[in-house]
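Heads up, the thing below is written out as structure tokens.
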Amino acid sequence: MRIGRWNRKNYSSYGLPSPRCVFVQTYEPLQKLEDRLKEHNFFRCHKGFIINPDMVVEIIPWGNKTYLVKLANTKETALMTWDHVKEFQKRYCV
């Protein structure tokens with residue numbers, strides 16, 4: 605599952621592609637959503653992405669210190685920074 609963020613003036617919209625697609629609009633920053641999702645095993649992989657680590661299929665180098673994260677059951681991808689790749693490897697023994 606991927607959570608993407610799109611800024612529009614004073615709020616952010618979050619899309620959660622899955623078998624059912626859900627969009628949430630909020631005035632809160634992504635950090636607050638991250639705090640609520642941490643207990644559900646979600647991982648902040650980039651300033652604009654929170655992912656479900658169980659859905660990660662592949663992490664591919666993509667640009668300067670950035671990686672592309674391929675996710676299961678979707679064509680959607682997420683970005684992951686180099687620092688978060690190291691944290692992801694430690695946390696999930698990859």
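Just so we're aligned, residue 605 is where the sequence shown starts under the numbering used here, counting upward by one.
Where a beta carbon is used, it is the ideal one built from N, C-alpha and C, also for glycine.
field: Nearest-angstrom Cα separation, counted from Leu672 out to Pro665
entry: 6 angstroms
query: Does any heavy atom of the ligand SAH sit closer than 7 angstroms to the C-beta of Leu641?
result: The ligand SAH is absent from the structure shown, which contains no ligands of any kind.
- request: Could you pull the start and end residues of the alpha helix (DSSP H) that His688 belongs to?
  value: Trp686 to Tyr696
- prompt: Ordered along the chain, which non-local residues of its own chain (more than five positions away) have a Cβ less than 6 angstroms from that of Asn677?
  reply: none
message: Please identify the residue among Gln635, Tyr631 and Phe647 whose C-alpha is closest to the C-alpha of Glu691.
response: Phe647
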